[in-house]
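Position 174, counted from 1, in the sequence shown is what the numbering used here calls 185; the numbers after and before it change by one each time, with no gaps. What follows is a short report on a single structure.
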Amino acid sequence: MGTWSPASNLSTTTRAEHTETRLCDGKVLVVGGVASGGSTVLASADIYDPLTNTWSSAGNMDSPRRNHTATLLADCKVLVVGGRNGGDVSSAEIYDPSGNSWSATGSLNAARSYHGAALLGDGRVLVMGGGFGATLSSAELYSGGSWSYTGSLNNARTQPTATRLLNGEVLAVGGFPALASAERYNPSSGSWSLTGSLNASRLYHTATLLADGRVLVAGGRPTGTNIADSETYEPGSNNWTARPDMPGIRSSHTATRLMNGKVLVAGGYVSSSAETSAALYDPGTNTWSSTGSLAGGRYGHTATLLLNGKVLAAGGADTGFAVQTAELYDAGPAAAVGGVAEAPEVTALPSEMASSGHGYGAYVIGAVAALILAAAGVAGWNRRRA
């Protein structure tokens with residue numbers, strides 16, 4: 012059974028509703044969010060070094076933000092987009108690891124938070140949906156430092172998951188208001204098409220790309236009650252197939268694909284408390300099993316697969332208060348069978364890293380391109396949409 016052990020605490024502050032992105036050198040960037048109490052939106056960022064198990068400052072963004080997205084680009088820089096600071100934010104910023112510095116880039120045409128984001132095969136970045144006051148159907152593309160509108164979603168949705176499929180299309184699933192619909196974006200045509208309906212409405216769920224190209228969707232809290240349901244999307248048939256329930260109900264959890272192809276689901280929100288339990292989904296046997304529990308409950312956190320095969324879970328909230336702690340999951344030697352950590356390859360596009368949160372966000376977005384982490388607060392610890 013896999014086990015959790017303490018990692019060093021985040022260096023600057025408690026945080027939830029942040030993002031977490033594995034960089035090309037294997038370090039992890041944590042950005043923004045909200046501090047304990049919920050009134051202080053953060054501009055600060057931290058860097059985790061797995062080799063030394065230490066955190067250091069990654070400077071400050073120009074604009075504080077929570078419920079944003081962070082996308083690893085082909086040049087190993089990170090694009091941070093939108094979010095919320097009182098109202099929705101339209102600005103975007105670039106983090107450059109080589110200089111540990113931030114710079115402004117073009118602003119969105121429509122301010123948005125709780126949106127989805129994915130890196131496309133040609134290096135452009137797609138953002139869709141979101142919106143704190145009004146739910147958006149619009150989508151935009153980032154290229155060359157500026158944004159342009161592309162085809163709109165068929166259904167306006169806030170807090171969708173965004174998963175890049177093996178064929179380069181992007182799958183947007185669920186979201187507010189508790190949707191059972193999903194749709195695919197075709198980068199060539201710039202248009203969206205609906206898939207078959209999900210078996211359950213989804214909000215505060217996760218979506219994880221499996222090694223065979225299917226997408227595992229798990230958990231959520233669509234109507235005020237947490238669910239344990241899971242299902243997979245089959246791109247070939249464009250339909251959904253019900254899978255066994257997770258060992259327990261949860262929402263606002265993370266889902267991370269491990270080196271061996273299994274999916275680690277950790278933490279989450281259950282009833283009125285933060286969950287400590289974790290579970291593994293095995294696509295080969297179509298079964299769920301319990302694994303080691305977190306030392307402390309957390310929801311609205313983020314989780315990232317490290318190059319050594321461990322998973323870093325950071326921040327989030329426990330009983331309504333943002334935490335500063337982080338933990339490492341070690342699945343053991345058997346977890347390395349059948350795969351290696353997807354290290355960035357920047358000759359074309361960085362290979363995609365497995366993680367989830369939002370998902371909020373972070374969810375696994377793919378196996379060929381980049382790690383996109385939706386804001387950790389998509390299912391935020393303040394339970395905005397509960």
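Glycine residues also receive a C-beta, built at the ideal position from the N, C-alpha and C atoms.
Under the 8 Å Cβ criterion, the region 32 to 51 counts as touching the region 325 to 339, having at least three qualifying pairs. When DSSP assignments are scanned along the region 192 to 243, the uninterrupted stretches of beta strand (DSSP E) that are 3 or more residues long and fall wholly within it turn out to be 193 to 197, 202 to 205, 217 to 220, 226 to 231. Taking T161 as the centre and dropping the five residues before and after it, the same chain places the C-beta of A150, L152, G201 closer than 6 Å to its C-beta, in chain order.
Across the set R195, G155, A189, R175, the C-alpha of R195 shows the shortest separation from the C-alpha of L164. Here DSSP, grouped into helix, strand and coil, assigns P17 to strand. When C-beta atoms of the region 295 to 304 are compared with those of the region 313 to 320, fewer than three pairs fall below 8 Å, so the two segments do not count as touching.
When rounded, the separation of the alpha-carbon atoms in W66 and T80 is 21 Å. Contact between V276 and V228 does not hold, since their C-beta atoms are separated by about 11 Å, which reaches or exceeds 8 Å. Per DSSP, Y125 lies in no beta strand (DSSP E) and is assigned neither H nor E.
For A103, the enclosing beta strand (DSSP E) has its first and last residue at 103 to 107. Taking the Cα positions, V89 is about 20 Å away from A121.
CA-to-CA, the gap between G70 and S19 works out to about 19 Å.
For G98, the pairing in a beta bridge is given by DSSP as N96. Following the DSSP letters along the chain, one finds R76 in no beta strand (DSSP E), marked with neither H nor E. When only Cα atoms are considered, M270 and D341 end up about 11 Å apart. Separation of S50 and R225 (C-alpha to C-alpha, rounded to the nearest whole angstrom) is 39 Å. G141 is a Cβ neighbour of S124, given a cutoff of 7 Å. Looking at the backbone, the Cα of G235 and that of R95 are separated by about 23 Å. Taking a contact as a CB-CB distance under 8 Å, the pair L221 and R268 counts as one, their CB atoms being some 7 Å apart.
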